[in-house]
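Here is the structure we will look at, set down as structure tokens.
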Amino acid sequence: SCDAAQFCNCSSVGLDFIPPGLTAKLTVLNLAHNRIKRIQSQDLQQAVNLRALLLQSNKISSIDEDSFQSLVKLELLDLSNNSLAHLSPVWFGHLFSLQHLHLQGNFYRDLGESSPFSSLRNLSSLRLGNPRFSVIRQGNFEGIELLDKLWIDGRNLSQYEQGSLKLIKKINHMIINIKSINVFSEIVRDILYSVTWLEVRRIAFSVSAEMQLLRVMSSCFAKKISFRQILLTDATVPEIFSILEDMPKLVELELIDSRLLGTGQWKMQIQANQSQTLRVFTIEKLSIEEFYLFTDLQTVESLLSLFTRVTVRNTKVFLVPCRISQHLTSLEYLDLSANLLGDQSLEHSACQGGWPSLQTLNLSQNSLSDLEMTSKSLSHLSNLIVLDISQNNFGEIPDVCEWPKNLKYLNLSSTQIPKVTTCIPPTLEVLDVSANNLKEFGLQLPLLKELYLTNNQLKTLPGAAPIPNLVAMSVRRNKLNSFSKEEFESFKSMELLDASDNNFICSCEFLSFIHRQAGISQVLVGWPDKYICDSPLAVRGAQVGAVHLSLMECHRTLVVSLICILLFLVILILVAVGYKYHVVWYMRMTWAWLQAKRKPKRAPPKDVCYDAFVSYSENDSNWVENIMVQELEQACPPFRLCLHKRDFVPGKWIVDNIIDSIEKSHKTLFVLSEHFVQSEWCKYELDFSHFRLFDENNDAVILVLLEPIQSKAIPKRFCKLRKIMNTKTYLEWPLEEEQQEVFWFNLKIALKS
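End of the sequence shown sits at 757 in our numbering; the numbers just go up one at a time, nothing left out.
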């Protein structure tokens, strides 16, 4: 399970213990998602060069104290999601190089009386906690001075001793999953000056009276606050904002995957005379059950003037009030993607005086349908440079549109545009019209440097004259099959052309032509899975200049001819081998055997109506029908024989007749002669007997030699019959009349046995 770098992946293989034989060569050992219950002293003793040990999602409940003693180079240890009921400082005592320790999802209720991490001087990432974790004591984090990330699952944390986290001098990113506001406020008190980014999860800010406990946050030096999966109400939102605006260094605020119970009718005015640092505000997937009743947010207008980046994504926004837009005077970046903005509401949202400093606007995945109206609504944004209106449904677009005068980047991908027109602004330097089912592109865009035409229906490259400054172009997933010399030579400034996933015809001439284009430093063809070539010439996206065709790849007809000749020879050899080794016979035998297998091995007694089924050659019919049948059927008592001429059912398949007749007879009597072994139908009868009777090891077969015949004259494939003739007695028809009475007596005895 190990690769060349000694990364050994033994995850999800049902291990009950750490496999023996680990050596010093190992650098990474992945034992996650197994059934390991215990780590013993000798398990990892030899893995002295191990850098990462992944043991998450097992059933580990016991670890010997010196299990990790030899892992002095270990940098990552993941023991999450196991069954550890306590943590021992001795486990980590020799892990001097450990940087990442994951302990969340176990059964321990606390971290012990002292610090389990006192010897981990290089620790930068620590994850701990579980649904049972309830106590943090002073000294639990002794020895840790700096952490890049601290993740605490304290959803049921009920006791926190003051000063426990104060020992950590700096935490770049702290994630805490907590329910108790009392405990949370105590934790915040200890990290006021140490944490840079505080992320709070699964807490409910629903009671206004409890918000006073969070007033301590106003002194926090954190630069970024993230609330994820929290609950807010109209009563608590003003309190939260009041606390956050007092934070002296807060730059960024995030609210992700949360719920707001209310309609924005906040009872107190939010004052923004303190916060001079908050610049970035992000809301993603905020659930407002009665979003259609939400107010115009006049109470927060004074907060908005200093924002430079605002993201409100996937939150069912259908309108930004004009007054709000006008107060966003410093806004440079606005992301309103995945919302419900329509043409009319965008016109109101982007009103005159709104977003005066805006440079980047993302309106993708909304309900816009009129490109002319969209462009006109934004035309007054003189500073707008980047506009993303992809994944809307514009359909047909007009010939004339009014755009912001400085617009340089426009994304119109996946907007159902059947044809590009002069509505596209000539000021663009980057244009993306991918996934629009375009069949041609011929716009005059003199400043354009990058053009993305992926996933359209183009059969030829766009003309170079209208886009003379083009540096990079992507025409992936179109219907191109070749480039002409003129098309290439017209692109004077082109540096990168991505034409992979098209229908290029594979030929030496085409590849050589592309390779000679000195003006284009990279031409990406990357023959697709549905290539027309006989074999792929390059991996997807590889540079064509690095590809060299072999002689066979250049001569497709020759390759096809050789394949056909080889295929014919293989078929010829198979036919010859099949004839020599009787393959057809074995196939017939298999079919007869399968037919017989569907029936009971023996017919019921009531269905057995013949004393013997007689198998003979047509050339021996005179003796069989005029001598043997007369003798046996006129005997006293008479024998009842089954003959194919007389007793086979007319219209029934002959093989079925043979099988049924043998099954309905007590015995099968073979009249052997030189003619018999040459008869096709005798072989069928012998075939079935070979399977049905001989394999049952019974005495249901009687062999009568009508004339002397050597056992070697019987086909070799009837090996069991040959063996019977060599080992058992058979009856031989005598030519002397005086011996014939003995022959008939013995035959009758055999039929009665």
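Ideal placement from N, C-alpha and C gives every residue a C-beta, glycine not left out. Because the structure is a prediction, the values reported are computed rather than measured.
Distance from Q163 to N134 at the Cβ level is roughly 15 angstroms; contact not present, criterion being Cβ atoms closer than 8 angstroms.
Remark: C-beta atoms of L375 and F398 approach each other more closely than 7 angstroms. Measuring C-alpha to C-alpha distances from W201 to each of E190, A213, K228, S223 identifies K228 as the nearest. Check the Cα spacing between D624 and each of D660, L571, L709: the tightest is with L709. In the DSSP assignment, K671 forms a beta bridge with A616. T561 sits exposed, since fewer than 16 C-beta atoms from the chains shown fall within 10 Å of its C-beta. Per the coordinates, the alpha-carbon of L132 lies some 17 angstroms from the alpha-carbon of I195. Boundaries of the beta strand (DSSP E) around I180: 174-182. Judged by DSSP in its simplified three-state form, C12 adopts strand. Taken through DSSP and simplified to helix, strand or coil, A51 comes out as coil.
Non-local beta-carbon contacts of L80 in its own chain, meaning distances under 6 angstroms to residues more than five positions away in sequence, involve A56, H104 in chain order. DSSP places A56 inside the beta strand (DSSP E), whose first and last residues are 56-58. DSSP places T458 outside both helix and strand once states are collapsed to three, so it counts as coil. Under the three-state reduction of DSSP output, R650 falls in the helix class. For I753, the enclosing alpha helix (DSSP H) stretches over residues 741-756. Minimum Cα-Cα distance from D403 among the listed residues N144, Q420, I428, V437 corresponds to I428.
Contact check for L78 against L102 passes: the beta carbons are separated by less than 7 angstroms.
Scanning its chain for C-beta atoms nearer than 6 angstroms, with the 5 sequence neighbours on each side dropped, one finds around N62 the residues N38, I40, N86, in chain order. In terms of CA proximity to N53, A9 leads the group A9, V705, A226. CA-to-CA, the gap between K423 and Q461 works out to about 11 angstroms. Shortest Cα-Cα distance from I706 to any of L739, S669, E149, H679 involves S669.
By the criterion of a C-beta distance shorter than 8 angstroms, L452 is surrounded in its chain by L432, E433, V434, L435, I471, N473, L474, once the five residues flanking it on both sides are discounted. Excluding residues up to 5 positions away in sequence, F225 lie with their Cβ nearer than 7 angstroms to the Cβ of Y197 in the same chain. Taking 7 angstroms as the cut-off, the Cβ atoms of F121 and A89 do not count as close.
Annotation: the continuous beta strand (DSSP E) that includes E203 extends over 199-205.
Counting C-beta atoms within 10 angstroms of its own C-beta, M498 has 16 or more neighbours from the protein chains shown and is therefore classed as buried.
Residue environment for M221: buried (at least 16 other C-beta atoms within 10 angstroms of its C-beta). The shortest CA-to-CA distance from G357 to any of I328, S341, N366 is the one to I328. Within its own chain, the residues whose Cβ lies closer than 7 angstroms to the Cβ of D347, once the five positions on either side in sequence are excluded, are L372, S373, D374, M377, T378, listed in chain order. Straight-line measurement puts the Cα of H106 at about 29 angstroms from the Cα of L218. Bounds of the alpha helix (DSSP H) holding F188 are 185-194. K228 carries a strand assignment under DSSP once its states are collapsed to helix, strand and coil. Looking only at V479, E454, Q448, the smallest Cα-Cα distance to K463 is reached by V479. Going by C-alpha positions, F643 is about 37 angstroms away from V588.
For G116 and L83, the gap between their C-alpha atoms comes out near 17 angstroms. Non-local C-beta neighbours of S45 in its own chain, meaning closer than 7 angstroms and more than five positions away in sequence, comprise D68, D70, S71, ordered along the chain.
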